[in-house]
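Per the working numbering, residue -1 is the first one in the sequence shown, and the count goes up by one each step.
Just so it is clear, CB atoms sit at the ideal spot from N, CA and C, and this is done for glycine as well.
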Amino acid sequence: MSVFIFVVYILMKKIYSLSLILILLVSISACKKSEKKESVEVTRYSAETLYNKAKKYLDLEVWDNAILYYKSLRNQYPFGRYAEQGSLELAYAFYRSYNMELAISTLERFIKNYPAHEHLDYAYYLKGLIYFESEKGLMQRVKPSKATDRNQENSKLAFVSFKTFIEKFPNSNYAPDAELRMIHIRDKLAAYELQVAKYYLRREAYIGSINRCKYVIESFQKSNSVADCIAVMADSYKHLGQDDLSGSSMQVLQSNFPNHSYLKGEEIDLDTHLFSFKDMWIFSRSKSED
-1 MSVFIFVVYI LMKKIYSLSL ILILLVSISA CKKSEKKESV EVTRYSAETL YNKAKKYLDL
59 EVWDNAILYY KSLRNQYPFG RYAEQGSLEL AYAFYRSYNM ELAISTLERF IKNYPAHEHL
119 DYAYYLKGLI YFESEKGLMQ RVKPSKATDR NQENSKLAFV SFKTFIEKFP NSNYAPDAEL
179 RMIHIRDKLA AYELQVAKYY LRREAYIGSI NRCKYVIESF QKSNSVADCI AVMADSYKHL
239 GQDDLSGSSM QVLQSNFPNH SYLKGEEIDL DTHLFSFKDM WIFSRSKSED
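Written out as structure tokens, the structure reads:
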């Protein structure tokens, strides 16, 4: 009797194990069918439906979902008005989700593919804005180094992008904002170069100091740092024994900035200061971010 019970027990255990295996197989099969069905349903969406779904998520600021539907729209319907507008909005979604490189590449493709688009001005403006914001927190230190120099690249690209935008679309609604941003970029980049020039002067690297000052005078003529750069140039030439060039710099300083302290015999302040890109961050989206 005990042997019979043991056999029954073994059989029941095997039946239970087989049942579990069958349940798992059925579940996996159901999942695959469900995934296949969902995939089929997505591919059956019209271009308009895909765009509307993407735009809905964009308006809700659910960037990942918006990107998913915009990319589906681009892949399934690469031509037409929905694809055109969707491409521009995809770039914006990438930008808001901090995928700056993807945002830039998407914009460049949009500009190349749709040169007559009604919102082309916004594409150029957004490109500058992305470069502008991608360097938030830059310029932590002004001590010159190759790494620090590379950190200025996106700020320069922002300046060039805004300049190109304004030249192409001077009457755009975004032009005033771009001009304001350019002024702040210009002043901060010039101030950075001046700090580096002072550092070189303090280290008696006079040629390096002169070259930095020349760059500011040539590239950022309207910045607040021009006067000090001329003074630094004059002082650097003086230390090099090039009195003629030093005198010429003094004449330029006298003609354009007659009240400058260097003309009164005061020493140049060679202290370099720490400053942050946040100094120019006057465009935050909300006061809570200030």
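Taking C-beta separations shorter than 6 Å and ignoring five residues to either side along the sequence, the partners of Y260 in its chain run A229, following chain order. Contact between S221 and A188 holds, with the beta-carbon distance rounding to 4 Å and staying under 8 Å.
Nearest to E264 by C-alpha distance, out of R94, V250, L243, D226, is D226.
In the DSSP assignment, H115 falls outside any alpha helix (DSSP H), carrying neither H nor E. In the DSSP assignment, Q83 falls within the alpha helix (DSSP H) that extends over 79 to 94. Nearest in C-alpha terms to L66, of all of Y49, R79, Y80, E82, is Y49.
Annotated as distal: I181 and A156, with beta-carbon spacing of 9 Å or more. Contact between the segment 160 to 178 and the segment 204 to 219 is absent, with fewer than three C-beta pairs closer than 8 Å. Distances from the CA of E191 to each of K212, R200, Y172, D241 were compared; the closest alpha carbon is that of K212.
D119 sits close to Y172, with the two beta carbons spaced by under 9 Å. Taking D267 as reference, the option from L105, Y197, V250 with the minimal CA-CA separation is Y197. With respect to the 9 Å criterion, E82 and Y112 are classified as neighbours on the basis of their beta carbons. Between the C-alpha atoms of L251 and Q150 there is a straight-line separation of about 28 Å.
A residue is called buried once 16 or more other Cβ atoms fall within 10 Å of its Cβ, and F218 is buried on that count. In the structure shown, Y235 falls within a helical segment according to DSSP collapsed to helix, strand and coil. Restricting attention to G239, E106, K166, T162, the CA atom closest to the CA of Y90 is found in E106. Annotation: S259 is outside any alpha helix (DSSP H) and is labelled neither H nor E by DSSP.
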